[in-house]
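Asks: 33 is the number of the first residue of the sequence shown in my numbering; add one for each residue after it.
All C-beta atoms, glycine included, are put in the ideal place defined by N, C-alpha and C.
After the structure tokens below, expect a handful of questions from me.
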Amino acid sequence: MRIRCSAPGKVILFGEHYVVYGASGLVAAIGPDNEIEMEGEPAEGRGTFEYRTTIKAHDITVALSDPPDSVSSHAYAALYLKRAKQWPALQNLRIRARVKKIWPLKGVGNSASLGACIGAGLRALAGEKTGAALIFEDAQTADEVAHGGRPSGIDAAAAAYGGVLEFEKDFSNPLRPKIGPGRIAEMKGVEFLLIDTFQPASARGNTGELVANFAKNNGVGKKPGEMTADEREAVFAPYLPLFLHAKRALQDGEWDTVGRLMDENHRLLAQKGVSDARIEKAVAICKSFGALGAKLSGAGGAGGVVIALARKEKSAGIQEALAVEGFGCYPFRIAKEGARAEKE
33 MRIRCSAPGK
43 VILFGEHYVV
53 YGASGLVAAI
63 GPDNEIEMEG
73 EPAEGRGTFE
83 YRTTIKAHDI
93 TVALSDPPDS
103 VSSHAYAALY
113 LKRAKQWPAL
123 QNLRIRARVK
133 KIWPLKGVGN
143 SASLGACIGA
153 GLRALAGEKT
163 GAALIFEDAQ
173 TADEVAHGGR
183 PSGIDAAAAA
193 YGGVLEFEKD
203 FSNPLRPKIG
213 PGRIAEMKGV
223 EFLLIDTFQP
233 ASARGNTGEL
243 VANFAKNNGV
253 GKKPGEMTAD
263 EREAVFAPYL
273 PLFLHAKRAL
283 QDGEWDTVGR
293 LMDENHRLLA
303 QKGVSDARIE
313 KAVAICKSFG
323 ALGAKLSGAG
333 GAGGVVIALA
343 RKEKSAGIQE
353 ALAVEGFGCY
363 PFRIAKEGAR
373 AEKE
């Protein structure tokens, strides 16, 4: 049996860093989707899982008889072993999984997206129940291994559910953020661009250090969980009206307003020390060539990504100007669907 699996990536539209302190943010699932082709052949009780991708160092072959700690650092092999022990149908299959398409930059939720693909494919091969909530658990399981800890769940939710999602940290249960559906109007005449500021000769910014910089520049000396609700609210107070306005503007398709609020969100983040020279240069190019708005997305820092919103007639000029300065630029769409697996 051959299965084609696909799942979107993600970008944060509004709220990075402020969400650490309990503010609401908006994340969008993005396409084109990542894609994996999976195939299962009878193996007479000698189940195996073979994973092949564009980076040879990430390839792995694992047998069902292998101990879990032998693949403790490989997200998708670990997911396979966990599910194969639960689902007897997988124990009699030799499974091959090959990455066919993947976003070529970091910061867009690739590990959770591919985990959602693998999860959806394993469910199809095993004849198990599927659905966004179950695939979310698969993606989150893979993401835990990929990141060496418990991730927020935002990337996994975008991959599993698709669309625009509103999320908020729950300090009573920090391992489970509050995630609910957001809304966005039909994008008539406008499109988003994703800009990669990474240079191969340079190091990427460290997320932990960027979070610490943001805290320091806000006068915060405690971990968010040690702060009172009033102390946390004081950190995100400048951002909160912007978020509420952006939420309405996205729902109503007020794209000029969305762009202006992206600019404002970026200025707030830059003032708190989480931008860098390449990010600022990319933002400036986008704006000078007619973008409605541009901002860093994610942690920021060296090698971070930028998102821009532009009218379609301006998009080509922006992309050309960015290419001249060595920036990778990728138009993206909001992916309305989450992960899925289709038999071929």
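For F364, count neighbouring C-beta atoms within 10 Å of its own C-beta (all shown protein chains included) and say buried if the count is 16 or more, exposed if not.
Replies: By the 10 Å Cβ count, F364 comes out buried.
Asks: Exposed or buried, what is L282 when buried is set at 16 or more other beta-carbons lying within 10 Å of its beta-carbon?
Replies: Flag for L282 reads buried.
Asks: Are G139 and A331 closer than 9 Å when you measure CB to CB?
Replies: Their beta carbons are under 9 Å apart, which means G139 touches A331 by this criterion.
Asks: Look at I366 and G195 and say whether their C-beta atoms are less than 9 Å apart.
Replies: A contact, by the Cβ cut-off of 9 Å.
Asks: Span of the beta strand (DSSP E) holding F224?
Replies: V222 to D228 is the span of the beta strand (DSSP E), which, as asked, contains F224.
Asks: What would DSSP say about K161, mapped onto helix, strand or coil?
Replies: Three-state result, K161: coil.
Asks: Do you know offhand how far H277's Cα is from H298's?
Replies: So the alpha carbons of these two residues sit roughly 15 Å apart.
Asks: By DSSP, does S104 sit in helix, in strand, or in coil?
Replies: Coil at S104, not helix or strand.
Asks: Please look up how many angstroms separate the CB atoms of R343 and L324, rounded, as I've assumed it's under 8 Å.
Replies: About 7 Å separates the two Cβ atoms, so the contact holds.
Asks: Is the beta carbon of I68 less than 9 Å from the beta carbon of K132?
Replies: Yes, they are a contact pair.
Asks: Leaving aside the five residues before and after D284 along the sequence, list all residues of the same chain whose C-beta is less than 7 Å from its C-beta, in chain order.
Replies: Excluding residues within five positions, the ones whose Cβ falls inside 7 Å are A217.
Asks: What residue ranges within the region 223–309 form continuous alpha helix (DSSP H) runs of no fewer than 4 residues, ordered along the chain?
Replies: DSSP runs (the alpha helix (DSSP H)) wholly in the region 223–309: 239–249, 261–268, 272–284 and 287–303.
Asks: Name the DSSP bridge partner or partners of R343?
Replies: According to DSSP, which records beta bridges pairwise, R343 is partnered with V222.
Asks: How about D110 and A144: are their beta carbons less than 9 Å apart?
Replies: It should be pointed out that residue 110 corresponds to Ala in this sequence rather than to Asp. No, the Cβ-Cβ distance between A110 and A144 is not below 9 Å.
Asks: Give every residue of the same chain whose Cβ lies closer than 8 Å to the Cβ of W119, excluding the five residues on either side of it in the sequence, and list them in chain order.
Replies: L154, A158 and E160, listed in sequence order.
Asks: Could you tell me which whole beta strand (DSSP E) segments of length 3 or greater appear in the region 111–149?
Replies: With a minimum length of 3 residues, the continuous beta strand (DSSP E) runs that stay inside the region 111–149 are 125–133.
Asks: For F321, I'd like the list of residues in its chain whose CB is within less than 6 Å of its CB, leaving aside the five on either flank, ordered along the chain.
Replies: Cβ neighbours of F321 beyond the five flanking positions: G349, I350 and A353.
Asks: Just the Cα atoms here: how many angstroms apart are D202 and P74?
Replies: Taking the straight line joining both Cα atoms gives about 45 Å.
Asks: Does the region 300–318 come into contact with the region 227–244, if we say contact requires no fewer than three beta-carbon pairs (one atom in each stretch) closer than 8 Å?
Replies: Verdict: yes, contact present.
Asks: Is it buried or exposed, E357, if we count other Cβ atoms within 10 angstroms and call 16 or more buried?
Replies: Exposed is the call here.
Asks: Using only the alpha-carbon positions, how far apart do S102 and P256 sit?
Replies: Roughly 35 Å separates the two Cα atoms.
Asks: Opposite V59 in the DSSP bridges: which residues?
Replies: DSSP lists I44 and L197 as partners of V59.
Asks: I'd like to confirm the pairing. Which residues does DSSP put opposite R372 in its beta bridges?
Replies: According to DSSP, R372 bridges with S38.
Asks: Taking a contact to mean a Cβ-Cβ separation below 9 Å, would you say L379 touches V306 in this structure?
Replies: Outside the displayed span of the chain (33 to 376) sits residue 379, for which this structure offers no information.
Asks: Quick one: grab the DSSP three-state call for F168.
Replies: Note: F168 maps to helix in three-state DSSP.
Asks: Assuming Y193 and A164 make a contact with CB atoms under 8 Å, what is their CB distance in whole Å?
Replies: The Cβ separation is near 5 Å, so the contact holds.
Asks: Where do the ends of the beta strand (DSSP E) carrying E357 lie?
Replies: No beta strand (DSSP E) contains E357, which DSSP labels as neither H nor E.
Asks: Kindly indicate which three-state DSSP category D91 falls into: helix, strand or coil?
Replies: DSSP places D91 in coil when its eight states are reduced to three.
Asks: Can you tell me which residues form a DSSP beta bridge with G212?
Replies: Paired residues: E198.
Asks: When the Cα of L197 is compared with those of I167, G147, R128 and I44, which residue comes out closest?
Replies: L197 has its Cα closest to that of I44, out of I167, G147, R128 and I44.
Asks: Near D91, what residues of its chain come up, given a Cβ to Cβ distance below 6 Å and the 5 sequence neighbours on each side ignored?
Replies: Contacts found: R84.
Asks: What's the call for P206, buried or exposed, on a 16-neighbour Cβ count within 10 Å?
Replies: Under this definition P206 is an exposed residue.
Asks: When the Cα atoms are used, what is the spatial distance from F46 to N66?
Replies: Cα to Cα, F46 sits roughly 23 Å from N66.
Asks: Can you find the residues in the same chain that come closer than 7 Å, C-beta to C-beta, to W287, ignoring five residues on each side of it along the sequence?
Replies: These residues qualify, in order along the chain: V222, L324 and L341.
Asks: Per the DSSP calculation, C318 is bridged to which residue(s)?
Replies: In DSSP, C318 forms no bridge with anything.
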